[in-house]
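Beneath this line is the structure, given in structure tokens, with notes to follow.
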Amino acid sequence: MQIDWIHFTPWSALLGGALLGLASGLLALLAGKIAGISGILGGLLSASADMAWRVFFLVGMLLTPLLWLAFKTPAEIQISASTPAIIVAGLLVGTGTRYGSGCTSGHGVCGLSRFSIRSLAAVASFMGAGFITVFLTHHLL
């Protein structure tokens, strides 16, 4: 494996990670909420009583890439999977977030930072499944 040094962007990745950590930390400290996207969206779809912060969080998630585009040219996107494969993958991810009681942001960012054993098990499960899937699809098939 080689790193594509021409397109390697450690500073934007570091900034993005720091902003994600800051946003999730502030949401936990100031509002006592977990920044897990599946839980935020699920609460919005179930018409819970605390909808305002959920709407603002999701609107911020949708507007931030547009703000980024004002300063940076987007990378060219190349998708090599078929449309049915993408649909099946999306359904599997959605099902996994329901069975796992959360998504990668909820468990990986927020759960691990709170030393949650359940989140550690969830992250180990989805990372392990991802490693196995990549190995099978790129090295054995």
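Numbering-wise (our numbering), the sequence shown opens with residue -13 and increments by one. Idealized CB from N, CA, C, for every residue including glycine.
Original post:
Taking the alpha carbon of LEU15 as the point to measure from, which residue in LEU106, ALA4, ARG100, ARG104 has its own alpha carbon closest?
Top reply: Position 29 of the sequence shown, counted from the start, is the residue given in the question as residue 15. With distances taken between Cα atoms, LEU15 lies closest to ARG100.
Original post:
Between the C-alpha atoms of LEU27 and GLY7, what's the straight-line distance to the nearest angstrom?
Top reply: Taking the sequence shown and counting its residues from 1, the one referred to as residue 27 is at position 41. Taking the sequence shown and counting its residues from 1, the one referred to as residue 7 is at position 21. Distance between the alpha carbons of LEU27 and GLY7: 19 Å.
Subject >> Beta-carbon proximity of GLY22 to GLY116, cut-off 9 Å >> reply: Here residue 22 refers to the residue found at position 36 when the sequence shown is read from its first residue. Here residue 116 refers to the residue found at position 130 when the sequence shown is read from its first residue. Not a contact, by the Cβ cut-off of 9 Å.
Original post:
What separation, rounded to the nearest whole angstrom, lies between the Cα atoms of SER87 and SER24?
Top reply: As a working note, residue 87 is residue 101 in the sequence shown. As a working note, residue 24 is residue 38 in the sequence shown. If you take the alpha carbons of SER87 and SER24, they lie about 9 Å apart.
Subject >> Whole-angstrom C-beta distance between SER10 and CYS96, which should lie under 8 Å >> reply: Along the sequence shown, one-based indexing puts residue 96 at 110. Along the sequence shown, one-based indexing puts residue 10 at 24. Contact between CYS96 and SER10 holds, since their C-beta atoms are separated by about 5 Å, short of 8 Å.
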